[in-house]
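Protein chains in written order, with the working numbering: chain A, 201 to 569; chain B, 701 to 997.
The beta carbon of each residue, even a glycine, is placed where N, CA and C say it ideally should be.
Please read all numbers here as calculations on a predicted model, not as lab measurements.
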């Protein structure tokens with residue numbers, strides 16, 4: 201049993217985190233496929249817009265912002281034929297609009313906000329918005345009866361806290377004194393005056409222009425009264441992230457920099473009381489047997505002395521690949537020591553991952569149960 | 701292969717650094733930082749006065765090129781400095797500046813990227829260095845980063861932001877002042893990504909693209925088919941050697957196919973940097989990579 205085998209039957213949320221380019225999305229997909237084959241009704245939420253995953257999952261039209269059902273082939277066990285796999289791509293703007301409509305007092309308030317240019321900028325420009333919407337999607341899907349497991353692939357980040365603190369992003373934003381000022385109820389005719397008399401607003405206006413500032417002011421005024429709802433929701437999402445059934449899987453590659461970042465992520469998760477339930481190391485070079493680099497080099501030397509160039513080339517190749525495999529495993533030692541459990545190792549495959557079969561093949565390395 | 705070995709005029713790396721500023725961009729994990737270090741190393745070895753700029757995060761470059769000047773520019777710090785220079789210093793004392801930065805950043809999306817580019821432009825205009833190598837943002841973000849100036853020019857009618865955007869656009873559009881080095885590795889997804897990014901930069905940024913750098917290229921000669929190689933009297937580990945050969949041949953086939961695909965999709969020349977059998981690069985490795993760079997012919 202690997203640490204991941206133990207997660208699949210009991211967990212209701214799995215958060216995959218790690219730096220960019222380490223195979224987080226692929227890992228999330230493999231976890232989803234395996235959970236479905238074991239009878240779970242699982243939805244995988246990805247933020248990766250790469251077509252490759254959609255292609256590999258057999259979705260030529262690409263992933264959309266709504267969950268789509270995916271065929272994963274035969275269940276592992278005929279008793280577990282209830283399993284289902286769904287996948288969706290996070291649509292930050294659509295999700296944000298849904299959140300606004302949920303909290304708005306009436307459709308007119310929501311329309312005013314959604315039409316505002318400052319609001320539209322938030323989805324792309326306010327740092328943490330993507331993480332915030334990923335956590336909202338997680339909460340929404342967790343409450344959806346169609347699913348009993350949500351696997352979420354977090355946005356690439358250097359900082360694990362970006363995701364963990366995301367639910368409070370907007371609440372903190374609204375808490376700021378500048379915006380309290382902007383949200384003060386104004387009577388018609390007094391708005392311009394209040395902007396003009398606030399030095400901080402005049403300063404912002406000088407830098408970004410008065411039109412842009414007017415949009416911001418209009419946004420905060422339209423938003424008035426909604427902040428309590430946002431705050432309560434942020435608390436609910438934070439509770440879900442800290443719930444017993446929510447587990448964190450740390451994903452890394454065997455390169456030095458990626459491992460350094462993984463250790464930093466692990467420290468943050470542990471310090472904040474979330475913990476790391478499993479660590480996955482993707483794309484490790486295989487070791488090719490129990491022999492050493494010196495074994496292979498010795499054999500290469502003797503073959504060359506005999507004038508057997510082809511055999512010498514193959515022994516040299518074995519020595520080179522073992523050297524890489526050894527160096528990668530040496531890099532992993534500090535990470536294993538930090539998280540207190542052996543990482544789940546996923547080998548670099550002879551070819552790139554293109555289809556469900558390759559994802560299932562990867563699954564063979566992540567699970568044994 | 702010492703780091704001090706002069707780079708001959710034939711080094712293909714010379715063609716990557718013909719402008720005052722080069723921005724190195726590529727998907728996470730392809731080795732952007734390595735390529736930044738290698739370019740800086742090669743230029744310094746050729747006698748140029750080089751500044752290395754790293755953006756948010758990481759800070760690996762000081763370790764990779766310990767003898768070169770490295771500056772760190774953080775978007776948050778650059779924006780705060782910019783706001784302070786534009787009348788916020790007195791007001792911001794009484795306020796938590798992060799909140800102000802959030803509202804300004806949201807009101808004018810891309811302003812954080814613009815002020816970073818503005819700082820780079822300022823360093824370039826100072827004339828202190830022959831070459832500034834920027835370890836740029838990840839590929840998806842590279843296009844956003846580089847289009848920030850054009851976007852703000854549309855959004856902001858007048859004032860200091862508009863002036864800044866115009867100055868930055870002038871730098872990006874001038875091939876003598878700025879060019880973009882895209883980095884990839886010879887695998888499917890990174891090649892797809894670099895093709896998309898190159899097209900987006902052509903269409904939306906209008907900056908000059910240098911030859912593309914293919915990092916982690918495996919330079920091994922084709923291996924003989926393990927099925928036909930006799931191993932003599934050897935028995936032990938022969939299966940391991942055969943498995944290893946099949947694995948390497950398959951990876952080399954992927955590499956060849958991806959390089960063909962990249963060549964078919966992009967007009968730029970391709971510069972290859974070899975994969976080194978180490979997990980952690982040292983300054984000596986950077987020197988070796990810089991001496992070893994070659995063009996795919």
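Asked	Found
Secondary structure of residue 951 of chain B, DSSP reduced to three states	helix
Host beta strand (DSSP E) of residue 547 of chain A (start-end)	544-547
Which of helix, strand or coil DSSP assigns to residue 429 of chain A	helix
Beta-carbon neighbours of residue 322 of chain A, restricted to chain B and to distances below 8 Å	806
Chain A contacts from the region 886-914 of chain B (Cβ-Cβ distance under 8 Å)	887, 888, 889, 892 and 893
Residue-chain proximity (residue 858 of chain B, chain A), Cβ-Cβ < 9 Å	yes
Rounded straight-line distance, which links the Cα of residue 765 of chain B to that of residue 883 of chain B	19 Å
Close Cβ partners of residue 371 of chain A (< 6 Å) along its chain, the five nearest in sequence each way excluded	430, 431 and 434
Status (buried if at least 16 other CB within 10 Å, exposed otherwise) for residue 913 of chain B	buried
Helix, strand or coil at residue 928 of chain B [DSSP, three-state]	coil
Short CB-CB distance (under 9 Å) between residue 967 of chain B and chain A	no
Local conformation of residue 717 of chain B per DSSP, three classes	coil
Own chain residues within Cβ distance below 7 Å of residue 436 of chain A, not counting five before or after	339
Buried/exposed call for residue 554 of chain A, threshold 16 Cβ in 10 Å	exposed
Minimum length 3: unbroken beta strand (DSSP E) runs contained in the region 718-759 of chain B	721-726 and 750-754
Residue 828 of chain B burial status per 10 Å Cβ neighbour count (16 or more: buried)	exposed
First and last residue of the uninterrupted beta strand (DSSP E) at residue 917 of chain B	912-917
Where residue 709 of chain B sits in the DSSP three-state scheme	Because the pLDDT of residue 709 of chain B is 49, which lies under 50, any placement of that residue in the model is unreliable, and the question is left without a value.
Backbone secondary structure at residue 287 of chain A - three-state DSSP	strand
Selection from B:980, B:981, B:966 and B:919 that minimises the alpha carbon distance to residue 953 of chain B	B:919
Chain B residues whose Cβ lies nearer than 7 Å to that of residue 495 of chain A	937
Where residue 977 of chain B sits in the DSSP three-state scheme	coil
Coil, strand or helix - residue 554 of chain A by DSSP	coil
Three-way DSSP call (helix, strand, coil) for residue 268 of chain A in this model	strand
Contact list for residue 948 of chain B against chain A, beta-carbon separation under 7 Å	517 and 521
Assigned secondary structure, residue 292 of chain A (DSSP; H/G/I helix, E/B strand, else coil)	helix
Euclidean distance between Cα positions of residue 393 of chain A and residue 406 of chain A	Reliability of the predicted coordinates at residue 393 of chain A is poor, the pLDDT of 46 falling under 50, and no value is obtained from them.
C-alpha distance - residue 493 of chain A paired with residue 233 of chain A, whole-angstrom precision	37 Å
Within chain A, the residues that residue 809 of chain B reaches when beta carbons sit closer than 7 Å	321, 324 and 325
Backbone CA spacing between residue 906 of chain B and residue 342 of chain A [nearest angstrom]	45 Å
Separation of residue 293 of chain A from residue 306 of chain A, as counted between CA atoms	20 Å
Nearest to residue 855 of chain B (by Cα), restricted to the options A:568, A:411, A:401 and A:441	A:411
Per-residue contacts from residue 923 of chain B into chain A (C-beta, under 8 Å)	513, 514 and 517
Identity of the residues DSSP links to residue 769 of chain B by a beta bridge	B:751
Close-in-space but distant-in-sequence residues of the same chain around residue 756 of chain B (CB under 7 Å, 5 per side omitted)	774 and 775
CB contact below 9 Å: residue 455 of chain A versus chain B	yes
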